[in-house]
Ligand SMILES: Nc1ncnc2c1ncn2[C@@H]1O[C@H](COP(=O)(O)OP(=O)(O)O)[C@@H](O)[C@H]1O
Ligand SMILES: [Mg+2]
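Protein chains in written order, with this note's numbering: chain A, 799 to 1050; chain B, 3 to 421.
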């Protein structure tokens, strides 16, 4: 029984069957990749996990509880954090403030009327955020305006915002898209070290096969909203069905 | 040489941060404390600062240091400070905040009619009733965002205005409004038969004034003004604390990206509602003070133009800045009360030194912008600010300061090069 159990999930957009009978089981503290051609429904599947979309049918269980019908912030408080395909950060705030906000959320819950203390006085939160920024090599940018950074930096910041929450399940939607080569390698190293600590379950969508094969322990191939195969990376590499789905796309 | 400058450049912000962190003064960082002290000095010295021209001089009409107007400066300052907590931090543009001002005023005057003419209970009641009303209006209006939110708040305020004007006449006095009358017997006061109660603070009359004459100058120190000034300083201090608190940071997060907030385990709605209620309480406080200064209230206080005015004040001064709303309120009230009083006789007086034809020509040109035309000047100024200074008057001030600093730096550079 995995920490995440998706059973029979369907989602239609008008006439388009974006997800058709998706089953997925992710074991605790492993790294699971979802690959598939553009428009296969990968992002839609993540949307169903975090409460952005509600599936037409099926069930999504996390840590023994259903996430369906819960609000996004409740699902996050259950322990699911998500990095989006286009970075979602607080563009008007500084980098440090961006990382402090999830720290407050983790400590104080969904709402706390915290109007009397000053942010300056919150040394613990500040330290926690600074340590996280050091881990992702962004400490020198702490006072920078988050919105004016490069796309690669925004992604790294978003990842820091998710990691600092110490989620049980981290969902990553193409975390290296738009990153320079060096940044991609740093990100792979970071994600590898997280995987090897075995305290966080990761579910990653990725186009870059280098990233997928160096990180994932199991891979699900999604095509036209339906899982084709699920197996260990070595078996996926030469799988005929995967070649078929990717024909004309990346070399597998 | 270059080495040194880059080094100090790198160290300076660090030092600044540790100074801010050390706090010390009333829980404020150094710069915030300095700002607070400037505001304290300006408000306490306002009777001098606003009356720079001797009585009877040609410029005396630009003096704004009379109690009635000074009270309005600080009361509308409070209104705008509160409005800015909602609009400046969360970005939610309420177009109905005058409703809370009105509710506060009605609550205060009933308190003074029924309980006591001491202003304290009235002001407390104005805050409480505005808060209760803001909870209801906010809860419903915040179901939507953007323009729909603005329209919902506008609808609530216009509804309140219409009700106060008609159906609720028994409570609001309808069109004529409410005043303190000789028949009012507040039960905590021992008034003589037929005596009209006067707004007071533990017996000190709000209308009492001390006049100080120095040479040709005349300065008026009014009890009511100083009561309002102290309240505004407290309101300003609380606003700084809110801006610098984790709560304030969450409100800026609401403005920046609600989606990210949701997926970070935070619920934006209670944060926004709290900001809405707090700003409604500031509006109620302003309404209560208005009654404390001038014991009457009418429904026009809730009319939509009054809601629009506080929006203008905040944007003109600089939304999201600490001092901006106060500046904006001061500017607009100054125009409304001073520039509006310049009539054609005064203009003829100013241009009398010119030959007759030219005098009439100048008067004809200037006239549309002053007197009853003050709205035109204000409108043009507002447009100029929005187009060229999106950060309001505060941004204007910052640009000027930066210009000076750069010039100083350039001077220093040429000097050291010469050496
Ligand atoms: N909110 C939506 N409304 C309508 N169609 C959508 C929506 N989200 C995704 N789709 C469609 O569903 C399909 C799957 O999209 P997506 O999950 O984003 O694919 P990908 O695997 O590339 O992430 C696409 O055809 C897309 O156009
Ligand atoms: Mg996608």
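Note that beta-carbon positions come from the ideal geometry of N, C-alpha and C, so glycine has one too.
Interface residue (Cβ-Cβ distance to chain B less than 9 Å): residue 853 (chain A) is not classified as such. In the three-state reduction of the DSSP assignment, residue 266 (chain B) falls in the coil class. Boundaries of the alpha helix (DSSP H) harbouring residue 358 (chain B): 358-368, taken from the DSSP string.
If you check the CB distance, residue 822 (chain A) and residue 1025 (chain A) come in under 9 Å. Exclusion of the five residues before and after residue 877 (chain A) leaves 861, 965, 966, 967 as the residues of its chain whose Cβ lies within less than 7 Å of its Cβ.
Setting aside the 5 residues that flank it on each side, residue 829 (chain A) is surrounded in the same chain by 993, 1000, 1013, 1014, 1015, each with a C-beta closer than 6 Å to its C-beta; the list follows chain order. Under the three-pair Cβ rule at 8 Å, the segment 879-886 of chain A counts as touching the segment 966-986 of chain A. With a threshold of 16 other beta carbon atoms within 10 Å, residue 268 (chain B) meets it and is buried.
Straight through space, the alpha carbons of residue 50 (chain B) and residue 225 (chain B) are spaced by roughly 15 Å. One residue list follows from the rule of a beta carbon closer than 7 Å to any heavy atom of ligand 2, given in chain order as A:840, A:841, A:883, A:971, A:972, A:1003. Taking 9 Å as the cut-off, the beta carbon of residue 176 (chain B) is found closer than this to the beta carbon of residue 167 (chain B). At a C-beta separation below 7 Å, residue 264 (chain B) has these neighbours in chain A: 870, 871. Per DSSP, reduced to three states, the secondary structure at residue 1025 (chain A) is strand.
With a threshold of 16 other beta carbon atoms within 10 Å, residue 284 (chain B) meets it and is buried. By the Cβ test, the segment 312-322 of chain B is not in contact with the segment 127-137 of chain B, since fewer than three Cβ pairs between them sit closer than 8 Å. Taking the C-beta atoms as reference points, residue 933 (chain A) is found no nearer than 9 Å to residue 955 (chain A). Interface criterion not met: the Cβ of residue 823 (chain A) is under 9 Å from no Cβ in chain B. Classified as exposed, residue 173 (chain B) has fewer than 16 neighbouring CB atoms from the shown chains inside 10 Å of its CB. Not a single CB atom of chain A sits nearer than 9 Å to the CB of residue 39 (chain B).
Residue-level contact check: residue 1011 (chain A) does not touch chain B, since none of the beta carbons of chain B fall below 9 Å from its beta carbon.
Annotation for residue 971 (chain A): no alpha helix (DSSP H) segment contains it, though the beta strand (DSSP E) segment containing it runs 967-971. Secondary structure within the segment 925-984 of chain A: the beta strand (DSSP E) runs of 3 or more consecutive residues, fully enclosed, are 967-971 (chain order). With the rule of 3 Cβ pairs closer than 8 Å, the segment 108-121 of chain B counts as touching the segment 292-306 of chain B. The residue among B:204, B:202, B:205, B:183 with its C-alpha nearest the C-alpha of residue 195 (chain B) is B:183.
Relative to the Cα of residue 171 (chain B), the nearest Cα in the group B:108, B:216, B:125 belongs to B:108. A distance criterion of 8 Å places the beta-carbon of residue 1043 (chain A) beyond contact range of ligand 1, judged by its closest non-hydrogen atom. Think of a sphere of 8 Å around the beta carbon of residue 891 (chain A): the chain B residues whose beta carbon falls inside it are 251, 254, 255, 258, in chain order. Close to residue 261 (chain B), with beta-carbon spacing below 7 Å, are these residues of chain A in chain order: 886. Chain B places no beta carbon closer than 9 Å to that of residue 943 (chain A), leaving this residue out of the contacts.
Considering only beta carbons, the part of the segment 217-248 of chain B lying closer than 8 Å to chain A consists of 243, 244, 246, 247, 248, in chain order.
Contact between residue 818 (chain A) and residue 1023 (chain A) holds, since their C-beta atoms are separated by about 4 Å, short of 8 Å. The beta carbon of residue 129 (chain B) lies closer than 6 Å to those of 283, 286, 287 in the same chain, with the five residues before and after it left out. When beta bridges are read from the DSSP output, residue 829 (chain A) appears opposite A:1000. DSSP assignment within the segment 799-863 of chain A yields the following whole beta strand (DSSP E) runs of 3 residues or more, N-terminal first: 802-811, 814-824, 829-833, 855-860. For residue 309 (chain B), the enclosing alpha helix (DSSP H) covers residues 306-319. Among the CB atoms of chain B, one or more fall inside 9 Å of the CB of residue 880 (chain A).
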